[in-house]
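To keep things clear, I will list the structure first and then write my remarks on it.
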Amino acid sequence: AHTAWASLHSEPKENVGSRARDHLANERTFLAWLRTAISAVGLGLAMAKFSDGSSEALAGGMLFIILGVSFLVYSCIRYLQVLFLLESGYFEPNKFGIIILTVFCAGACALALVLAAAS
């Protein structure tokens, strides 16, 4: 039976492009995720530092720190996964990871709005 979840899994495809170009693109993508992770952690630290004892601001700061660490872990795993696939001559689109990150970020934003409204 074909389900929506089954369509998220992608079979590796043969990589016929430039190998160096693909590896450099993978590294650029990792560095972009790294910058995003550092920004999220920095924002979280700033929120926590300037919270003036507000539990909502402290919780929001912790939320962004967790989000940044999650970005860092995800980007490292994805970088290594793509590296392995490129070395083996294949590439697998990452549908499931994109959906998980989107849901996680939307949840973090919703929680931040709730915390902001509560203060």
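According to the working numbering, the residues represented by the sequence shown are 1369 to 1487, in order.
Just so you know, even glycine gets a beta-carbon here, dropped at the ideal spot from N, CA and C.
| message | Considering only the alpha carbon of each residue, which of L1454, I1468 and M1430 lies closest to Y1442? | response | Counting from 1 along the sequence shown, the entry for residue 1442 is found at position 74. Answer by Cα proximity: I1468.
| query | Just checking my contact of I1433 with V1409 at CB under 8 angstroms: how many whole Å lie between their CB atoms? | reply | Counting from one through the sequence shown, the residue named residue 1433 turns up at place 65. Counting from one through the sequence shown, the residue named residue 1409 turns up at place 41. Sure, about 5 angstroms apart at Cβ, within 8 angstroms.
| Whole runs of the beta strand (DSSP E) within the region 1418 to 1467, excluding any shorter than 3 residues | none
| Looking only at DSSP bridge pairs, what is E1382 linked to? | Start at 1 with the first residue of the sequence shown, and residue 1382 comes out as number 14. According to DSSP, E1382 bridges with Y1458.
| query | Among L1479, I1406 and F1459, which has the Cα closest to the Cα of G1436? | reply | Position 68 of the sequence shown holds residue 1436. With distances taken between Cα atoms, G1436 lies closest to I1406.
| query | Which same chain residues, not among the five before or five after L1431, have their C-beta less than 8 angstroms away from its C-beta? | reply | Looking up residue 1431 in the sequence shown gives position 63. Sequence-distant Cβ neighbours of L1431 in its own chain, meaning closer than 8 angstroms and more than five residues away, are G1412, A1476, L1479, A1480 and L1483.
| task | Count the CB pairs spanning the region 1455 to 1468 and the region 1414 to 1425 that are closer than 8 angstroms, and state whether there are at least three. | result | No, because fewer than three Cβ pairs between the region 1455 to 1468 and the region 1414 to 1425 fall closer than 8 angstroms, the two stretches do not touch.
| task | Look at the alpha carbon of R1403 and the alpha carbon of A1393, and state the distance between them as a whole number of angstroms. | result | In the sequence shown, counting from the first residue as 1, residue 1403 sits at position 35. In the sequence shown, counting from the first residue as 1, residue 1393 sits at position 25. Distance from the CA of R1403 to the CA of A1393, rounded to the nearest whole angstrom, comes to 15 angstroms.
| field | C1473 to K1417 span [Cα, whole Å] | value | For this step, residue 1473 is matched to residue 105 along the sequence shown. For this step, residue 1417 is matched to residue 49 along the sequence shown. If I take the Cα positions, the gap works out to 22 angstroms.
| said: Considering only the alpha carbon of each residue, which of Y1458, A1486, S1456 and Y1447 lies closest to R1396? | reply: Reading the sequence shown from its first residue, position 28 is the one you call residue 1396. Looking at the Cα atoms, Y1447 is the closest of the given residues.
| Exposed or buried, what is G1429 when buried is set at 16 or more other beta-carbons lying within 10 Å of its beta-carbon? | In the sequence shown, the residue the question calls residue 1429 occupies position 61. Classification for G1429: buried.
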